[in-house]
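Peer 1:
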Amino acid sequence: MSIQPIRFFGDPVLTTPALQVVDFDKELRTLVADLTETMLEAPGAGLAAPQIGVGLRVFVWDVDDALGHLINPTLDLSSEMQEGEEGCLSFPALSYETPRAFRAVAKGFNMYGEPITVEGTELLARCLQHETDHLDGIVFIDRLSKEDRKLAMKEIRESEWFNAAQSSGETPSIKVSPHDIFGRGL
Ligand code: NI
Numbered sequence: 067m068s069i070q071p072i073r074f075f076g077d078p079v080l081t082t083p084a085l086q087v088v089d090f091d092k093e094l095r096t097l098v099a100d101l102t103e104t105m106l107e108a109p110g111a112g113l114a115a116p117q118i119g120v121g122l123r124v125f126v127w128d129v130d131d132a133l134g135h136l137i138n139p140t141l142d143l144s145s146e147m148q149e150g151e152e153g154c155l156s157f158p159a160l161s162y163e164t165p166r167a168f169r170a171v172a173k174g175f176n177m178y179g180e181p182i183t184v185e186g187t188e189l190l191a192r193c194l195q196h197e198t199d200h201l202d203g204i205v206f207i208d209r210l211s212k213e214d215r216k217l218a219m220k221e222i223r224e225s226e227w228f229n230a231a232q233s234s235g236e237t238p239s240i241k242v243s244p245h246d247i248f249g250r251g252l
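What the sequence shown shows, in this note's numbering, is residues 67 to 252, in sequence order.
1. Exposed or buried, which one is Met147 when buried takes at least 16 other CB atoms within 10 Å?
2. Grab me the residues of Thr174's own chain with a C-beta within less than 6 Å of its C-beta, minus the 5 sequence neighbours each way, in chain order.
3. Name all residues in chain order for which at least one heavy atom of ligand 1 lies closer than 5 Å to the residue's CB.
4. Check this for me: beta carbons of Leu155 and Gly110, under 7 Å apart or not?
5. Of the residues Ser161, Met177, Tyr162 and Ile182, which one's Cα is nearest the Cα of Val171?
6. Just to confirm before moving on: does the CB-CB distance between Thr164 and Phe228 stay below 7 Å?
7. Closest to Val87 by CA distance: which of Met105, Asp128, Glu180 and Gly134 is it?
8. Answer with buried or exposed for Leu190, where buried requires no fewer than 16 other C-beta atoms within 10 angstroms of its C-beta.
9. I'd like the list of long-range same chain contacts for Thr82, defined as Cβ closer than 8 Å, with 5 residues on each side in sequence excluded.
10. Determine which residues share a DSSP beta bridge with His135 and list them.
11. Using a Cβ-Cβ cutoff of less than 8 Å, which residues in the same chain neighbour Met177 once the five nearest sequence positions on both sides are dropped?
12. What are the residues that DSSP puts in a beta bridge with Gly44?
13. Report the three-state DSSP secondary structure of Val98 (helix, strand or coil).
14. From Glu103 to Ile69, what distance separates their C-alpha atoms?
15. Could you give the DSSP three-state label for Ser234: helix, strand or coil?
16. Please work out which residues of its chain come closer than 6 Å, Cβ to Cβ, to Leu252, disregarding the five sequence neighbours upstream and downstream, and give them in chain order.
17. If you run the structure through DSSP and keep just helix, strand and coil, what is Phe206?
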C-alpha cells in the first residue's frame with residue numbers, strides 16, 4: 067500500500083471517463099488499498115481512482131465512521147434533493163453549494179467481484195454521486211449554478227495551485243489538501 071499524489075483540476079485524467087473494471091485481481095485490491103490510504107491521509111470523505119491518475123471505475127469513501135469501496139457503480143437517485151456545500155480534494159480550498167439528490171442507491175461490486183448495494187442519504191448520498199461523477203469525467207463544479215460556476219472558475223484561475231501547475235507545465239498534485247466539505251474533501 068502507498069499514498070499516491072492527488073491530481074488537481076487541470077489534469078486531463080479528471081475529465082476523462084474511466085473504464086469498467088474487468089479483472090478483480092490483486093492489482094485491483096492494491097488500488098483500493100492505495101485509494102483508502104490516500105483518502106485517509108488527505109484527509110477526505112471520498113476518493114475516486116482518476117484522482118490518483120488511474121482511469122478505472124473504482125472509488126472509496128469514509129463517511130459517518132464507515133469505510134467503503136465500490137467498483138463499476140450504477141446509481142439510482144431520489145427526486146428529493148438536498149442542499150449543502152461540497153468540495154473536492156482535486157480543488158484545494160474550494161467549496162460551493164452543490165445540488166444533489168437526497169438519497170442514492172448504488173449497485174456495483176466489491177474488490178472480490180461480489181455484487182453489493184450501498185444505500186445512503188445526506189452526506190453518503192452526496193459522496194456516492196460526487197465519486198460516480200468522477201468516474202464519468204464530471205467534476206463538482208459542473209454541477210453548480212451558472213453563477214457559482216463562474217465564481218468557482220475565477221477562484222481556480224486565481225489559485226496558487228492552479229497557476230503553479232500551469233506555469234510549470236507539470237501535472238498538478240498535492241499530498242495534503244487544505245480542506246473542503248465539513249473539513250473533508252470528496
Ligand atoms: Ni472529488
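Cβ atoms here follow ideal geometry from the backbone N, Cα and C, with glycine treated the same way.
Peer 2: For this structure:
1. In the sequence shown, the residue the question calls residue 147 occupies position 81. Classification of Met147: exposed, given that the 10 Å Cβ count is below 16.
2. Reading the sequence shown from its first residue, position 108 is the one you call residue 174. Going by the sequence as given, residue 174 is Gly instead of Thr. Once the five neighbours on either side are set aside, the close Cβ partners of Gly174 are Leu136, Ile137, Asn138 and Pro139.
3. Selection around ligand 1 by beta-carbon proximity, strictly under 5 Å to any non-hydrogen atom, yields Cys154 and Leu252 in chain order.
4. For this step, residue 155 is matched to residue 89 along the sequence shown. For this step, residue 110 is matched to residue 44 along the sequence shown. Cβ distance < 7 Å, so Leu155 and Gly110 count as in contact.
5. Locating residue 171 in the sequence shown gives position 105, counting from the first residue. Checking every option, the nearest Cα to that of Val171 belongs to Ile182.
6. By one-based count along the sequence shown, residue 164 stands at place 98. By one-based count along the sequence shown, residue 228 stands at place 162. Contact: no.
7. Indexing the sequence shown from 1 puts residue 87 at position 21. Among Met105, Asp128, Glu180 and Gly134, the Cα nearest to that of Val87 is on Glu180.
8. What you label residue 190 is simply residue 124 of the sequence shown in a count that begins at 1. Leu190 is buried by the Cβ-count criterion.
9. The residue you call residue 82 lines up with position 16 of the sequence shown. Closer than 8 Å at Cβ, skipping near neighbours: Pro116, Gly121 and Gly203.
10. Taking the sequence shown and counting its residues from 1, the one referred to as residue 135 is at position 69. Beta-bridge partners assigned by DSSP to His135: Val126.
11. Locating residue 177 in the sequence shown gives position 111, counting from the first residue. Cβ neighbours of Met177 beyond the five flanking positions: Phe90, Leu94, Arg95, Val98, His135 and Ile137.
12. This structure leaves residue 44 out entirely; the chain is present only between 67 and 252.
13. As a first step, residue 98 is located in the sequence shown; it is residue number 32 there, counting from the start. In the three-state reduction of the DSSP assignment, Val98 falls in the helix class, which pools H, G and I.
14. Counting from one through the sequence shown, the residue named residue 103 turns up at place 37. Counting from one through the sequence shown, the residue named residue 69 turns up at place 3. Each residue's alpha carbon lies about 6 Å from the other.
15. As a working note, residue 234 is residue 168 in the sequence shown. Note: Ser234 maps to helix in three-state DSSP.
16. Counting from 1 along the sequence shown, the entry for residue 252 is found at position 186. If we look at Leu252 and ignore the five residues flanking it on each side, its Cβ neighbours are Ala111, Gly112, Cys154, Cys193 and His196.
17. Walking along the sequence shown from the start, residue 206 turns up at place 140. Helix.
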